[in-house]
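Asks:
Protein chains: 2
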Amino acid sequence: MLERILMPTHSREVRLASRPKGEPTLDNFAFATVEVPDPRPGEVLVRNVCMSVDPYMRGRMNDSKSYVPPFQIGHPLEGGAVGRVVASQDKRLPVGTYVQSFLGWREAFVAPAANLQIVDVGVAPPSAYLGILGITGLTAWAGLFRIANLKRDETVFVSGGAGAVGSAVCQLARLHGCRVLASASSEEKVAYLRDVLKVEYAFNYREGNPLDQLKTGAPNGIDVYFDNTGGPQLEAALYALRTHGRVALCGGISGYNTPVPGPRNLMLAIGKRLRLEGFIVSDFLKDLPAFLAEAVPALRSGKLIHRETVVHGIDAAPAALLDLLHSGASNIGKMIVHLAD
Amino acid sequence: MLERILMPTHSREVRLASRPKGEPTLDNFAFATVEVPDPRPGEVLVRNVCMSVDPYMRGRMNDSKSYVPPFQIGHPLEGGAVGRVVASQDKRLPVGTYVQSFLGWREAFVAPAANLQIVDVGVAPPSAYLGILGITGLTAWAGLFRIANLKRDETVFVSGGAGAVGSAVCQLARLHGCRVLASASSEEKVAYLRDVLKVEYAFNYREGNPLDQLKTGAPNGIDVYFDNTGGPQLEAALYALRTHGRVALCGGISGYNTPVPGPRNLMLAIGKRLRLEGFIVSDFLKDLPAFLAEAVPALRSGKLIHRETVVHGIDAAPAALLDLLHSGASNIGKMIVHLAD
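Top line first, the protein sequences correspond to chains A and Z. Numbering of the first sequence is given in this note's numbering, commencing with residue 369 and proceeding in unit increments. Numbering of the second sequence is given in this note's numbering, commencing with residue 369 and proceeding in unit increments.
#1: Going by alpha carbons, who is nearest to V404 (chain Z) out of Z:V421, Z:L642 and Z:S379?
#2: Around the Cβ of P407 (chain Z), are there at least 16 other Cβ atoms within 10 angstroms (buried) or fewer (exposed)?
#3: Nearest-angstrom Cα distance between N517 (chain Z) and L609 (chain Z)?
#4: To which residues of the same chain is G620 (chain A) closer than 6 Å at the C-beta, ignoring the five residues directly before and after it?
#5: Once DSSP output is grouped into helix, strand and coil, what is the label at R428 (chain A)?
#6: Could one say the Cβ of G623 (chain Z) lies closer than 8 Å to chain A's Cβ atoms, at least one of them?
#7: For a quick check, are the C-beta atoms of Y573 (chain A) and Q539 (chain A) less than 8 Å apart?
#8: At a CB distance below 9 Å, what residues from the region 634-652 of chain A approach chain Z? Give them in sequence order.
#9: Determine the closest residue to P578 (chain Z) out of Z:L561, Z:L565 and Z:A550, with distance taken between C-alpha atoms.
#10: Below 6 Å CB to CB, which residues in the same chain sit around P444 (chain Z) once its five sequence neighbours on both sides are set aside?
#11: Which residues of chain A have a Cβ atom closer than 9 Å to the Cβ of Y435 (chain Z), listed in chain order?
#12: Alpha carbon to alpha carbon, what distance is there between R520 (chain A) and A570 (chain Z)?
#13: If you measure from the beta carbon of G630 (chain Z) to each beta carbon in chain A, is any gap under 8 Å?
#14: What is the rounded straight-line gap between the Cα of K566 (chain A) and the Cα of N633 (chain Z)?
#15: Taking 8 Å as the CB-CB cut-off, is L692 (chain A) touching chain Z?
#16: Rounded to whole angstroms, how far is the Cβ of A510 (chain A) from the Cβ of V649 (chain A), which I believe are closer than 8 Å?
#17: Which class does K702 (chain A) belong to by DSSP, given the choice of helix, strand or coil?
#18: Going along chain Z in order, which residues have a C-beta closer than 8 Å to the C-beta of G598 (chain A)?
#19: Just the C-alpha distance for R641 (chain A) and T507 (chain Z), rounded to the nearest angstrom, thanks.
#20: Roughly how many whole angstroms lie between the Cα atoms of A530 (chain A) and L461 (chain A)?
#21: I'd like the ranges of any beta strand (DSSP E) spanning at least 3 consecutive residues and lying wholly in the region 562-596 of chain A.
#22: Along the chain, where does the alpha helix (DSSP H) that runs through T507 (chain Z) open and close?
#23: List the whole-angstrom C-beta distance separating L692 (chain Z) from P423 (chain Z), where the pair is believed to meet the contact cut-off of C-beta under 8 Å.
#24: Can you check whether the C-beta of G620 (chain Z) is within less than 8 Å of a C-beta belonging to chain A?
#25: Taking the alpha carbon of G432 (chain Z) as the reference point, which residue from A:V679, A:E645, A:G639 and A:S456 has its own alpha carbon closest?
#26: Can you tell me which of Z:V548, Z:S420, Z:A604 and Z:L690 puts its alpha carbon nearest to the alpha carbon of G314 (chain Z)?
#27: For the beta strand (DSSP E) containing Q539 (chain A), list its first residue and its last residue.
#28: DSSP on P437 (chain Z), reduced to helix/strand/coil?
#29: Please list, in chain order, the residues of the region 555-579 of chain A that have any C-beta partner in chain Z closer than 8 Å.
#30: When the Cα atoms are used, what is the spatial distance from E522 (chain Z) to L690 (chain A)?
#31: Where does Y624 (chain A) fall in DSSP's three states?
#32: Note down, in chain order, every chain Z residue with its Cβ under 9 Å from the Cβ of P686 (chain A).
#33: Looking only at DSSP bridge pairs, what is I486 (chain A) linked to?
#34: Going by DSSP in three states, V421 (chain A) sits in which element: helix, strand or coil?
#35: Hey, could you find the ends of the alpha helix (DSSP H) F659 (chain A) is sitting in?
#36: Taking the continuous beta strand (DSSP E) assigned at V382 (chain Z), which residues delimit it?
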């Protein structure tokens with residue numbers, strides 16, 4: 369029996385129209401409306417409630433081999449989304465169930481039930497599963513604890529601290545008993561870091577020299593650098609790192625659109641025995657339950673907060689992505705596109 | 369009772385005359401002759417037989433905080449040396465014993481017996497303890513097996529492959545069942561790598577593009593890069609490294625005298641999950657016995673060779689160090705200064 373509620377017959381979606389050269393523009397995106405079929409046995413029809421917009425998508429717009437395949441011209445983009453089952457041919461996912469998928473950038477879709485994860489909206493709102501309770505939070509957790517081996521009482525510096533991953537890094541490190549320095553690109557974000565996330569030292573990296581800021585915030589140096597930017601902040605961090613310091617290389621937003629010079633002081637890693645390690649969150653999906661066991665109670669008790677910047681409707685999604693790719697992006701916390709209630 | 373044989377009363381030594389700005393010159397060194405006192409109880413008088421010349425000494429010529437203190441102006445330089453006890457006030461080190469110390473750059477010295485390590489010249493000639501059986505060999509071993517976690521059947525690239533550490537890297541990696549690519553700065557060195565050390569692919573990094581060479585020598589990429597140079601070869605290696613590749617950062621000779629740009633492609637470390645780690649051999653001195661247990665039999669059976677470039681007399685030592693600091697240094701294998709028979 370096919371259960372249906374408010375079942376959409378069409379879905380508007382965002383496609384890759386052309387590959388950007390350097391900085392992407394709205395012309396690189398196209399919209400299309402496709403028919404949504406009835407689900408077949410074992411499938412469900414999902415209406416997306418919200419979707420995630422993430423900097424790493426920039427890499428998928430290029431036609432280059434990487435750890436995720438490139439987006440294809442004329443095909444819809446992909447990304448994390450939470451939606452509600454509105455028609456079901458699988459009893460594991462009755463109508464009304466909230467599910468997570470990588471089938472964002474579209475309003476609705478049909479997919480095998482087995483490919484979807486149930487999320488508990490009694491615990492947290494749907495969008496939290498795209499942020500602090502989802503891939504974003506897991507990225508911060510894996511970088512801090514699986515890559516950088518952060519230890520209690522250490523000093524951490526995170527660039528892009530007011531962004532989605534950065535906000536999670538600040539909070540998880542503080543919960544772990546560490547001192548946190550965080551940089552951002554505006555006074556508003558710095559105030560958020562200082563007054564809401566309560567980091568020990570927040571600074572606007574566009575004002576003055578990042579190394580001077582790190583010396584002020586951590587006169588004895590830092591132990592871990594969580595790198596979301598690359599560029600001059602990575603270079604400053606290499607100077608500020610103490611012996612046996614670690615760098616979790618998570619993102620290089622300073623160079624996503626245009627190449628930036630490499631750190632001229634990388635050879636400091638020899639005398640200081642530094643370790644720099646790149647990672648991608650998909651290697652750590654098996655750790656999601658362990659992470660959630662920590663994060664869900666912390667969110668419920670208010671020790672973790674989920675801050676988001678929301679734009680409305682799928683038509684707003686391409687501009688939200690372009691915004692994220694700038695240093696000085698407008699978002700604080702997770703950038704979310706709200707698609708349906 | 370004080371035993372004496374051929375006991376020198378004076379020692380010629382090399383001192384730091386001034387700190388170099390950029391590339392050092394002979395004017396940065398001075399010679400002096402000092403009196404050698406009689407050893408007191410518990411001390412021995414050692415005549416150095418040979419001494420080591422090492423690139424890392426360049427850093428100690430600067431007045432900057434590092435993992436080893438800077439040389440002091442007006443004081444003798446220091447470095448690895450093997451010498452023979454020629455007068456003894458300690459029964460553990462009778463006259464004739466060969467001992468290792470860090471008191472090179474001088475012809476003779478008096479020191480507490482407890483500070484000196486006996487070397488067995490029945491196993492290998494004295495200079496081998498400065499090279500393949502000493503800090504040089506241990507550096508290669510620690511970088512490959514403690515830092516890069518080299519595994520059998522993997523592909524390793526080492527820059528500066530014909531130098532002291534590089535030659536040891538090539539041999540230890542091949543003994544471990546790995547494919548080795550090695551670069552050097554002359555055709556003579558390339559021939560040595562290919563014909564004597566039997567590496568799978570040797571190239572002159574000054575000819576053509578290092579990345580093209582790596583693609584030719586390892587079409588499927590490399591697993592480990594042992595970095596003695598930094599600079600363009602590090603950048604090429606980052607391109608050539610496969611997923612989960614490792615870089616042991618051992619030296620940056622390309623930038624010792626003048627700064628070089630950092631690798632513009634460091635952010636490849638994210639998607640490829642690369643790990644770059646700096647190390648210094650003094651953290652691994654406790655592993656010397658384990659290393660020697662492997663290296664001594666291999667040297668005796670001919671599976672390891674100890675190649676050296678020898679200059680004669682302490683007056684030749686400063687020029688030998690200046691030579692080493694150039695890309696295109698004249699040495700093949702370990703640079704040794706022979707001081708006495």
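Think of the CB as a built atom: it goes at the ideal place given N, C-alpha and C, for glycine as much as any other residue.
Replies: Taking the definition as stated:
#1: Here residue 404 (chain Z) refers to the residue found at position 36 of the second sequence. Residue Z:S379 is the option with its Cα nearest to V404 (chain Z).
#2: Along the second sequence, read from residue 1 onward, the residue named residue 407 (chain Z) stands at position 39. Classification for P407 (chain Z): buried.
#3: Taking the second sequence and counting its residues from 1, one reaches residue 517 (chain Z) at position 149. Taking the second sequence and counting its residues from 1, one reaches residue 609 (chain Z) at position 241. Taking the straight line from one Cα to the other gives about 15 Å.
#4: Counting from 1 along the first sequence, the entry for residue 620 (chain A) is found at position 252. Excluding residues within five positions, the ones whose Cβ falls inside 6 Å are G598.
#5: If you number the first sequence from 1, residue 428 (chain A) lands on position 60. It is helical.
#6: Sequence index remark: in the second sequence, residue 623 (chain Z) carries index 255 (1-based). By this cut-off, G623 (chain Z) is an interface position.
#7: The residue given as residue 573 (chain A) occupies position 205 in the first sequence. The residue given as residue 539 (chain A) occupies position 171 in the first sequence. No, they are not a contact pair.
#8: L634, M635, L636, A637, I638, G639, K640, R641, L642, R643, L644, E645, G646, F647, I648 and D651
#9: In the second sequence, the residue the question calls residue 578 (chain Z) occupies position 210. Measuring from the Cα of P578 (chain Z), the nearest candidate turns out to be Z:A550.
#10: Counting from 1 along the second sequence, the entry for residue 444 (chain Z) is found at position 76. So the list reads E381, R383, W473 and R474, once near-sequence residues are dropped.
#11: Your numbering for residue 435 (chain Z) matches position 67 in the second sequence. Chain A residues near Y435 (chain Z): T611, I638, G639, K640 and R641.
#12: One-based indexing of the second sequence puts residue 570 (chain Z) at position 202. One-based indexing of the first sequence puts residue 520 (chain A) at position 152. Near 46 Å, if we compare the C-alpha coordinates of R520 (chain A) and A570 (chain Z).
#13: For the purposes of this step, residue 630 (chain Z) is taken as residue 262 along the second sequence, with counting starting at 1. Chain A contact via Cβ: present.
#14: The sequence position of residue 566 (chain A) within the first sequence is 198, counting from 1. The sequence position of residue 633 (chain Z) within the second sequence is 265, counting from 1. Rounded to whole angstroms, K566 (chain A) to N633 (chain Z) spans 34 Å at the Cα level.
#15: If you number the first sequence from 1, residue 692 (chain A) lands on position 324. For L692 (chain A), the answer is no, since every Cβ of chain Z falls outside 8 Å of its Cβ.
#16: Taking the first sequence and counting its residues from 1, one reaches residue 510 (chain A) at position 142. Taking the first sequence and counting its residues from 1, one reaches residue 649 (chain A) at position 281. Right, the Cβ-Cβ distance comes to about 6 Å (below 8 Å), so this counts as a contact.
#17: Indexing the first sequence from 1 puts residue 702 (chain A) at position 334. Strand, per DSSP.
#18: Start at 1 with the first residue of the first sequence, and residue 598 (chain A) comes out as number 230. Those within 8 Å of G598 (chain A) in chain Z are L634 and M635.
#19: Counted from its first residue, the first sequence places residue 641 (chain A) at position 273. Counted from its first residue, the second sequence places residue 507 (chain Z) at position 139. When rounded, the distance between both Cα atoms is 14 Å.
#20: Residue 530 (chain A) sits at position 162 when you count from the first residue of the first sequence. Residue 461 (chain A) sits at position 93 when you count from the first residue of the first sequence. Approximately 36 Å between the Cα atoms of the pair.
#21: 569-572 and 590-595
#22: By 1-based counting over the second sequence, the position of residue 507 (chain Z) is 139. Counting along the chain, the alpha helix (DSSP H) containing T507 (chain Z) begins and ends at I503 to W509.
#23: Along the second sequence, read from residue 1 onward, the residue named residue 692 (chain Z) stands at position 324. Along the second sequence, read from residue 1 onward, the residue named residue 423 (chain Z) stands at position 55. At roughly 5 Å, the Cβ-Cβ gap stays under 8 Å, so L692 (chain Z) and P423 (chain Z) are in contact.
#24: In the second sequence, the residue the question calls residue 620 (chain Z) occupies position 252. Interface residue, yes.
#25: Locating residue 432 (chain Z) in the second sequence gives position 64, where the first residue counts as 1. The displayed chain sequence assigns Ser, not Gly, to residue 432 (chain Z). Taking only the C-alpha atoms, the option nearest S432 (chain Z) is A:G639.
#26: Here chain Z covers residues 369 to 709 and nothing more, so residue 314 (chain Z) does not appear.
#27: Here residue 539 (chain A) corresponds to residue number 171 of the first sequence, with the count starting at 1. That residue, Q539 (chain A), is in no beta strand (DSSP E); its alpha helix (DSSP H) goes A532 to L543.
#28: By one-based count along the second sequence, residue 437 (chain Z) stands at place 69. Coil, per DSSP.
#29: none
#30: Taking the first residue of the second sequence as 1, we reach residue 522 (chain Z) at position 154. Taking the first residue of the first sequence as 1, we reach residue 690 (chain A) at position 322. Each residue's Cα considered, the two are about 41 Å apart.
#31: For this step, residue 624 (chain A) is matched to residue 256 along the first sequence. Of the three classes helix, strand and coil, the one that applies to Y624 (chain A) here is coil, per DSSP.
#32: Start at 1 with the first residue of the first sequence, and residue 686 (chain A) comes out as number 318. The contacting residues do not exist; P686 (chain A) stays about 23 Å from chain Z at best.
#33: Taking the first sequence and counting its residues from 1, one reaches residue 486 (chain A) at position 118. I486 (chain A) is bridged to A:V467.
#34: Sequence index remark: in the first sequence, residue 421 (chain A) carries index 53 (1-based). Three-state result, V421 (chain A): coil.
#35: Reading the first sequence from its first residue, position 291 is the one you call residue 659 (chain A). L656 to R668 is the extent of the alpha helix (DSSP H) around F659 (chain A).
#36: For the purposes of this step, residue 382 (chain Z) is identified with residue 14 of the second sequence, where counting begins at 1. V382 (chain Z) -> beta strand (DSSP E) spans H378 to L384.
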